[in-house]
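>
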Ligand code: NDP
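Residue numbers (the UniProt record's numbering): 12 to 443.
(1) With a floor of 3 residues, list each beta strand (DSSP E) that falls wholly inside the segment 260–333, ordered by position along the chain.
(2) Would you say the beta carbon of residue 239 comes nearer than 7 Å to a heavy atom of ligand 1?
(3) Do the CB positions of residue 114 and residue 122 come within less than 8 Å of each other?
(4) Over the uninterrupted beta strand (DSSP E) stretch that includes residue 125, give me the two end residues.
(5) Given a threshold of 16 other Cβ atoms within 10 Å of its Cβ, counted over all protein chains shown, does residue 406 qualify as buried or as exposed?
(6) May I ask which residues mark the beginning and end of the beta strand (DSSP E) holding residue 80?
(7) Below 8 Å, can you find three or more Cβ-Cβ pairs linking the segment 249–259 to the segment 213–228?
(8) I believe residue 51 touches residue 78 by the beta-carbon criterion, under 8 Å. Please report the beta-carbon distance rounded to the nearest angstrom.
(9) With DSSP as the reference, label residue 202 as helix, strand or coil.
(10) Tell me whether the beta-carbon of residue 104 lies closer than 8 Å to the beta-carbon of residue 18.
(11) So does residue 109 have its beta carbon nearer than 7 Å to some heavy atom of ligand 1?
(12) I need the DSSP call for residue 253, collapsed to helix, strand or coil.
(13) Taking 7 Å as the cut-off, is the beta-carbon of residue 319 closer than that to any non-hydrogen atom of ligand 1?
(14) Using only the alpha-carbon positions, how far apart do residue 145 and residue 72 sit?
(15) Consider the C-beta atom of residue 245 and the heavy atoms of ligand 1; say whether any pair is separated by less than 7 Å.
(16) If you reduce the DSSP assignment to three classes, tell me which class residue 144 lands in.
(17) Bridge partners for residue 233 per DSSP, in chain order?
(18) Buried or exposed for residue 16, please, with buried defined as at least 16 other CB atoms from any protein chain shown within 10 angstroms of its CB.
(19) By Cβ distance below 7 Å, which residues in the same chain neighbour residue 269 in space, the five residues on each side in sequence not counted?
(20) Check whether the segment 80–95 touches the segment 116–130, counting contact only when three or more Cβ pairs, one atom from each stretch, lie closer than 8 Å.
(21) On the premise that residue 415 lies in contact with residue 34, defined as a C-beta separation below 8 Å, what is that separation, rounded to the nearest angstrom?
(22) Excluding the 5 residues flanking residue 291 on each side, which residues of the same chain have their C-beta closer than 7 Å to its C-beta?
(23) Just the C-alpha distance for residue 242 and residue 438, rounded to the nearest angstrom, thanks.
(24) Secondary structure at residue 63, three-state DSSP: helix, strand or coil?
(25) With hydrogens ignored, establish whether the beta-carbon of residue 97 is closer than 7 Å to any heavy atom of ligand 1.
(26) Taking only three categories from DSSP, how would you classify residue 361?
(27) Would you please state the rounded distance, in angstroms, between the beta carbons of residue 289 and residue 262? I believe it to be under 8 Å.
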């Protein structure tokens with residue numbers, strides 16, 4: 012902790028993982044001799060850099076960029092780039108650390124990394140976003156590559172930003188390779204990548220329900236966020252017969268008792284890049300509330316899909332009191348540690364983000380495979396592989412929890428199942 016002061020999110024993520032690995036460490040004394048845990052919590056490499064760019068008024072703006080190359084034991088570093096004013100080293104380290112285990116769970120050969128910048132894309136013109144992305148990539152290009160480190164999207168980094176970054180990488184390196192995922196379909200992107208995280212989240216819950224003779228049919232679902240993950244989780248849950256009654260953004264939230272109109276939501280958020288007040292203004296019977304508060308809405312299933320630490324202890328008390336039976340994390344670490352413990356004590360099924368939202372990076376892995384093959388698979392092929400991966404993740408975390416005597420504890424199951432493969436690879440590769 013002393014080495015990582017002012018990195019509370021990183022400490023939170025490490026604490027949760029290390030606590031749940033205790034039975035594995037006891038079973039493997041050789042890990043201690045090799046200081047495996049001390050090594051795994053230390054990134055292999057941290058890059059911090061200046062990002063100077065010129066705004067539309069001709070003024071020079073300076074942001075701080077990050078790439079944390081956390082662990083390459085099982086494959087090239089892989090993880091998204093977050094563009095948000097809250098980005099700092101601790102947040103990128105927490106995300107990179109989680110990514111190691113998430114990527115391992117997908118069964119694909121990907122190490123863990125994460126990056127980003129404290130740039131705020133909101134309110135910027137298209138040309139400003141382009142100049143920023145070019146400046147960011149001008150430095151990042153020297154650290155990444157199709158077999159070294161393959162960044163992707165995250166909060167604030169969508170298809171537009173990936174396109175600008177890819178263009179700049181190609182110009183600097185003079186090589187056309189799958190160095191980024193989430194690319195446009197005409198230059199190496201994968202069908203179904205846009206939908207993958209949200210769909211994958213719903214697929215893993217569907218598999219849990221199927222194994223318990225249940226389904227999404229007739230369920231009421233609360234979703235938070237209204238970005239990439241939230242939109243496609245809403246769409247898939249409704250395709251499977253559920254009714255999603257909430258979405259939110261950082262200023263407010265919507266209650267739509269008839270079920271979210273996904274086409275309208277996509278028009279407002281993806282096409283117009285507008286706020287949810289626009290959604291509420293254009294649809295009958297919708298309530299709009301300022302501030303946070305999604306979780307006071309009664310539901311069977313809660314899917315937080317906005318950001319870290321957005322589900323607090325009072326939120327989960329309200330969820331439990333209103334009969335919520337399942338919470339699966341679409342966002343990374345949306346639930347605080349005490350809220351997670353409360354849900355588990357109350358018998359609510361809790362599926363942590365590193366398993367539940369792994370569909371995004373899994374499909375990024377499939378994009379890497381298609382780029383290496385120079386082939387494009389159909390939407391149906393990618394979607395079927397995604398579903399297969401989410402089903403296998405559910406069983407991997409369920410089996411790991413059972414194996415160590417903690418049936419139904421998917422936090423332990425996910426951490427253990429993700430850790431074991433990375434630990435074996437690190438042990439085999441010596442002290443490096
Ligand atoms: P987007 O930028 O598309 O959407 C983010 C959503 O969350 C927006 O509705 C945004 O509202 C809201 N939000 C962001 N920050 C805050 C905040 N501080 N307080 C309240 N609301 C906030 O991002 P994604 O949908 O891609 O990502 C959402 C989460 O899912 C993140 O935790 C991300 O790391 C995780 N994730 C994403 C993957 C992907 O493939 N996209 C893969 C795996 C995990 P507003 O518009 O007002 O900012």
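Using N, Cα and C, we set each Cβ at its ideal position, and we do this for glycine too.
For this structure:
(1) Listed in chain order, the complete beta strand (DSSP E) runs (minimum 3 residues) inside the segment 260–333 are 263–266, 298–301, 312–315.
(2) Counted from its first residue, the chain shown places residue 239 at position 228. Yes, the Cβ of residue 239 comes within 7 Å of a heavy atom of ligand 1.
(3) As a first step, residue 114 must be located in the chain shown, where it is residue number 103. As a first step, residue 122 must be located in the chain shown, where it is residue number 111. For residue 114 and residue 122, yes; Cβs fall inside 8 Å.
(4) Counting from 1 along the chain shown, the entry for residue 125 is found at position 114. Residue 125 -> beta strand (DSSP E) spans 123–128.
(5) The residue labelled residue 406 in the question sits at position 395 within the chain shown. Per the 10 Å Cβ criterion, exposed.
(6) For this step, residue 80 is matched to residue 69 along the chain shown. Unbroken beta strand (DSSP E) run through residue 80: 71–82.
(7) With a cut-off of 8 Å, the segment 213–228 and the segment 249–259 count as touching, because enough Cβ pairs lie within range.
(8) Your numbering for residue 51 matches position 40 in the chain shown. Your numbering for residue 78 matches position 67 in the chain shown. For a cut-off of 8 Å, the C-beta gap from residue 51 to residue 78 is around 19 Å, too long to register as a contact.
(9) Numbered from its first residue, the chain shown carries residue 202 at position 191. Collapsing the DSSP output to three states places residue 202 in coil.
(10) The residue you call residue 104 lines up with position 93 of the chain shown. The residue you call residue 18 lines up with position 7 of the chain shown. In contact: residue 104 and residue 18 (Cβ atoms closer than 8 Å).
(11) Working through the chain shown from its first residue, we reach residue 109 at position 98. The answer is no for residue 109.
(12) The residue given as residue 253 occupies position 242 in the chain shown. Three-state DSSP puts residue 253 in coil, outside helix and strand.
(13) In the chain shown, counting from the first residue as 1, residue 319 sits at position 308. Yes; taking the cut-off as 7 Å, the Cβ of residue 319 has a heavy atom of ligand 1 nearer than that.
(14) What you label residue 145 is simply residue 134 of the chain shown in a count that begins at 1. What you label residue 72 is simply residue 61 of the chain shown in a count that begins at 1. In a straight line, the C-alpha of residue 145 is about 13 Å away from that of residue 72.
(15) Along the chain shown, read from residue 1 onward, the residue named residue 245 stands at position 234. If you check the C-beta of residue 245 against ligand 1, you find no heavy atom less than 7 Å away.
(16) Indexing the chain shown from 1 puts residue 144 at position 133. If DSSP states are grouped into helix, strand and coil, residue 144 belongs with the helices.
(17) Looking up residue 233 in the chain shown gives position 222. Among the bridge pairs identified by DSSP, residue 233 is matched with 257, 313.
(18) On the chain shown, residue 16 is found 5 positions in, with the first residue counted as 1. Its Cβ having fewer than 16 others within 10 Å, residue 16 is exposed.
(19) The count along the chain shown starts at 1 and reaches residue 269 at position 258. These residues qualify, in order along the chain: 296.
(20) By the C-beta criterion, the segment 80–95 is judged to be in contact with the segment 116–130, since at least 3 inter-stretch pairs fall below 8 Å.
(21) Start at 1 with the first residue of the chain shown, and residue 34 comes out as number 23. Start at 1 with the first residue of the chain shown, and residue 415 comes out as number 404. At roughly 5 Å, the Cβ-Cβ gap stays under 8 Å, so residue 34 and residue 415 are in contact.
(22) Here the question's residue 291 lines up with position 280 in the chain shown. Take residue 291, set aside five residues on each side of it, and the residues of its chain with a beta-carbon closer than 7 Å to its own are 265, 297, 299, in chain order.
(23) Residue mapping note: residue 242 aligns to position 231 of the chain shown, counting from 1. Residue mapping note: residue 438 aligns to position 427 of the chain shown, counting from 1. Roughly 41 Å separates the two Cα atoms.
(24) Locating residue 63 in the chain shown gives position 52, counting from the first residue. Residue state, collapsed to three classes: strand.
(25) In the chain shown, the residue the question calls residue 97 occupies position 86. Yes, Cβ of residue 97 sits closer than 7 Å to a heavy atom of ligand 1.
(26) Taking the chain shown and counting its residues from 1, the one referred to as residue 361 is at position 350. Reduced to three states, the DSSP call for residue 361 is strand.
(27) Within the chain shown, residue 289 is the residue found at index 278, counting from 1. Within the chain shown, residue 262 is the residue found at index 251, counting from 1. About 12 Å; that fails the 8 Å criterion.
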